[in-house]
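Student: Can you read through this structure? Questions will come right after.
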Amino acid sequence: MSTANAAASVQWSSRLGFILASAGSAIGLGAIWKFPFWAGANGGGAFILPYVVFTLTTGLVLLMAEIAIGRRGRGSAVSAMRRIGGRPFAFLGAFAVLTSFLILAYYCVVGGWCVAYLAQSLTVGVVRENAQTLRNDFREIVSTGWINIAWLFSFLSLTALTVGCGIEKGIERVSKLLMPMLFVMMLAVIIRGLTLDGAMEGVKYLLSFRPEDLSPGAILSAMGYTFFSLSLGAGILITYGTYLPKRADIPAASLWVALLSIQASLLAGLMVMPAVFAFGVAPDAGPGLVFITLPMIFAHIPGGSIFAAIFYVCLLVAALTSSVSLLEVVVAFLHNEWRLSRSTATIVSFVLLFFLGSLSALSFGELSEFTLLGRNFFDFFDFVCTNFMMPVGGLAVAALMTWKAWPAMREELTSAKPLSSGMLSAIRVVLGVLAPILVLTTMYQGLFL
Ligand code: PHE
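Residue numbers in the sequence shown follow this note's numbering, run continuously in steps of one, and reach 453 at the last position.
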């Protein structure tokens with residue numbers, strides 16, 4: 005049996021399984037860690053509005069296109085794109101795999117922080133009332149090289165183990181169980197956070213739209229965040245789509261993933277921002293924002309330390325479902341294209357990622373002086389992947405499925421349920437014309453003006 009057939013024969017056990025696994029890839033540290041501090045740094049509403057607009061236009065159609073490529077092309081991102089679009093697109097598929105790989109190089113560092121906070125909550129406890137102490141705690145983890153690397157190692161190991169265990173067992177089971185639990189816990193934190201003194205200032209900051217904050221930089225970040233939060237342009241959904249049965253409805257599944265992801269981001273914002281204002285933390289405090297504010301809310305919840313421990317377990321799983329999806333892309337590539345066995349592919353990726361991830365881990369301490377484009381390694385990887393590589397991957401997907409392989413796209417979109425021809429044309433125009441124009445202008449303005 006060819007590898008492509010082997011991959012195709014393992015299918016999602018249900019449509020819900022696919023939606024949850026895709027949402028599990030989408031909802032992760034992006035929503036919970038990145039959204040609050042990017043929204044905080046880019047003016048709240050001035051970030052959220054373009055983010056929602058990008059998600060419901062560009063994001064939604066690209067989700068459909070990526071899943072369609074996966075189901076149609078069967079195989080890794082590279083072989084699927086080659087099968088549908090020929091050699092040049094295989095190259096673009098490889099670019100998407102590289103993107104996934106580079107995202108992992110810093111994503112695993114943040115995942116490591118989740119492990120660190122979980123470990124602390126189970127031992128010395130993380131619940132503190134004082135913002136300064138919490139800032140110092142966070143600094144100590146991130147700026148002491150070997151500590152940060154040790155946490156990175158633990159998270160990377162968990163990711164590699166899950167991927168080593170295979171699709172069905174690893175991804176689906178875990179995400180089905182703990183994502184809903186995370187959601188419930190976030191609601192509890194939000195309710196407590198909103199009843200703190202001064203909390204409403206945070207809500208106002210988050211939700212009110214101040215046009216003067218709408219800079220090209222903020223719009224670029226909102227676009228980048230859309231790609232990041234939906235896991236677009238990195239071959240993720242192409243790989244996942246491979247396992248989707250023909251009878252599953254791609255437009256409906258995509259809409260679900262987009263809505264769940266917007267919801268998770270907004271909830272994360274509502275979880276963090278009120279506390280930021282209530283406790284006097286700067287909304288643009290950077291990557292530590294969520295780690296500094298949550299323990300202060302936990303301190304105001306009865307049984308806060310137990311709550312914290314359970315919360316960090318869920319957060320860790322949310323992070324894992326995303327990192328697993330990223331590693332899956334890389335492993336599927338090495339397996340299908342380079343004929344490595346899955347376990348060798350996992351080990352090779354692990355070693356390379358540990359090396360590259362260590363550079364990110366050291367960039368808050370020993371390597372903080374070392375900058376590329378004015379950014380340390382960690383910020384550099386994040387900036388380039390989110391605001392440049394993922395959008396470029398998205399453009400390739402859009403070009404492939406509208407200009408080169410529209411009949412295939414149409415067939416995939418309608419395999420479960422017919423769509424009116426007006427709707428199909430609308431999807432084609434948004435995917436082939438509107439989305440590329442939006443992405444290119446935003447990139448041009450944000451990067452060069
Ligand atoms: N969407 C994931 C998150 O929000 C991150 C991710 C990006 C996962 C790209 C896969 C691919 O955490």
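Each residue gets a CB set at the ideal place from its N, CA and C atoms; glycine is no exception.
1) Does DSSP put residue 379 in a helix, a strand or coil?
2) The alpha helix (DSSP H) spanning residue 296 covers which residue range?
3) Exposed or buried, which one is residue 402 when buried takes at least 16 other CB atoms within 10 Å?
4) Cutting at 8 Å between CB atoms, please list the residues of its own chain near residue 62, excluding the five before and the five after it.
5) Where does residue 250 sit, in a helix, a strand or coil, going by DSSP?
6) For residue 359, count neighbouring Cβ atoms within 10 angstroms of its own Cβ and tell me buried if that reaches 16, exposed if not.
7) Helix or strand or just coil, what does DSSP make of residue 223?
8) Starting from the Cα of residue 144, find the closest Cα among 192, 124, 305, 77 and give me that residue.
9) When the distance is taken between beta carbons, is residue 365 closer than 8 Å to residue 82?
10) What three-state label does DSSP hand residue 268 in the structure shown?
11) Keeping to the same chain, check which residues put their C-beta closer than 8 Å to that of residue 99; ignore five residues upstream and five downstream.
12) Taking just the CA atoms, how far does residue 84 sit from residue 96?
13) When every heavy atom of the ligand PHE is checked, does at least one fall within less than 7 Å of the C-beta of residue 271?
14) Sorry if obvious, but does the Cβ on residue 71 come closer than 7 Å to a heavy atom of the ligand PHE?
15) When the distance is taken between beta carbons, is residue 50 closer than 8 Å to residue 254?
16) How big is the Cα-Cα spacing for residue 342 and residue 350?
17) Using a threshold of 7 Å, is the CB atom of residue 240 nearer than that to any non-hydrogen atom of the ligand PHE?
18) Which of the three DSSP states is assigned to residue 305 in this structure?
19) Between the Cα of residue 183 and the Cα atoms of 141, 210, 265, 138, which residue gives the shortest distance?
20) Are residue 407 and residue 426 closer than 8 Å when you measure CB to CB?
21) For residue 38, is the classification buried or exposed, using 16 other Cβ atoms within 10 angstroms of its Cβ as the cut-off for buried?
22) Let me know the secondary structure DSSP gives residue 197 once reduced to three states.
23) If you count every other CB in all the chains shown that lies within 10 Å of the CB of residue 195, and 16 or more means buried, which is it?
24) Which two residues bound the contiguous alpha helix (DSSP H) that contains residue 370?
Tutor: Put simply:
1) Taking the sequence shown and counting its residues from 1, one reaches residue 379 at position 375. Of the three classes helix, strand and coil, the one that applies to residue 379 here is strand, per DSSP.
2) Taking the first residue of the sequence shown as 1, we reach residue 296 at position 292. Segment 293 to 302, the alpha helix (DSSP H) holding residue 296.
3) The residue you call residue 402 lines up with position 398 of the sequence shown. The residue is buried, with at least 16 neighbouring Cβ atoms inside 10 Å.
4) The residue you call residue 62 lines up with position 58 of the sequence shown. Excluding residues within five positions, the ones whose Cβ falls inside 8 Å are 227, 230, 398, 434, 438, 439, 442, 443.
5) Translated into positions along the sequence shown, residue 250 becomes position 246. In this structure, residue 250 counts as coil in the three-state DSSP scheme.
6) As a first step, residue 359 is located in the sequence shown; it is residue number 355 there, counting from the start. The residue is exposed, with fewer than 16 neighbouring Cβ atoms inside 10 Å.
7) Position 219 of the sequence shown, counted from the first residue, corresponds to residue 223. Looking at residue 223 - three-state DSSP - the assignment turns out to be helix.
8) Against the sequence shown, residue 144 aligns to sequence position 140. Looking at the Cα atoms, 124 is the closest of the given residues.
9) Position 78 of the sequence shown, counted from the first residue, corresponds to residue 82. Position 361 of the sequence shown, counted from the first residue, corresponds to residue 365. Not closer than 8 Å, so no.
10) For this step, residue 268 is matched to residue 264 along the sequence shown. Residue state, collapsed to three classes: helix.
11) Translated into positions along the sequence shown, residue 99 becomes position 95. Cβ neighbours of residue 99 beyond the five flanking positions: 393, 396, 397, 400.
12) Looking up residue 96 in the sequence shown gives position 92. Looking up residue 84 in the sequence shown gives position 80. One C-alpha to the other measures close to 11 Å.
13) Along the sequence shown, read from residue 1 onward, the residue named residue 271 stands at position 267. Every heavy atom of the ligand PHE is 7 Å or more from the Cβ of residue 271, so no.
14) As a position in the sequence shown, residue 71 is number 67, starting the count at 1. Every heavy atom of the ligand PHE is 7 Å or more from the Cβ of residue 71, so no.
15) Counted from its first residue, the sequence shown places residue 254 at position 250. Counted from its first residue, the sequence shown places residue 50 at position 46. Taking 8 Å as the Cβ cut-off, residue 254 and residue 50 do not qualify as a contacting pair.
16) On the sequence shown, position 338 is the one that residue 342 refers to. On the sequence shown, position 346 is the one that residue 350 refers to. Their Cα atoms are separated by approximately 13 Å.
17) On the sequence shown, residue 240 is found 236 positions in, with the first residue counted as 1. Yes.
18) Your numbering for residue 305 matches position 301 in the sequence shown. Three-state DSSP puts residue 305 in coil, outside helix and strand.
19) Here residue 183 corresponds to residue number 179 of the sequence shown, with the count starting at 1. Closest option to residue 183, Cα to Cα, is 265.
20) Taking the sequence shown and counting its residues from 1, the one referred to as residue 407 is at position 403. Taking the sequence shown and counting its residues from 1, the one referred to as residue 426 is at position 422. Taking 8 Å as the Cβ cut-off, residue 407 and residue 426 do not qualify as a contacting pair.
21) Locating residue 38 in the sequence shown gives position 34, where the first residue counts as 1. Residue 38 comes out buried.
22) Looking up residue 197 in the sequence shown gives position 193. Looking at residue 197 - three-state DSSP - the assignment turns out to be helix.
23) Here residue 195 refers to the residue found at position 191 of the sequence shown. The residue in question, residue 195, is exposed, as its Cβ has fewer than 16 Cβ neighbours within 10 Å.
24) What you label residue 370 is simply residue 366 of the sequence shown in a count that begins at 1. Counting along the chain, residue 370 falls outside any alpha helix (DSSP H), and DSSP gives it neither H nor E.
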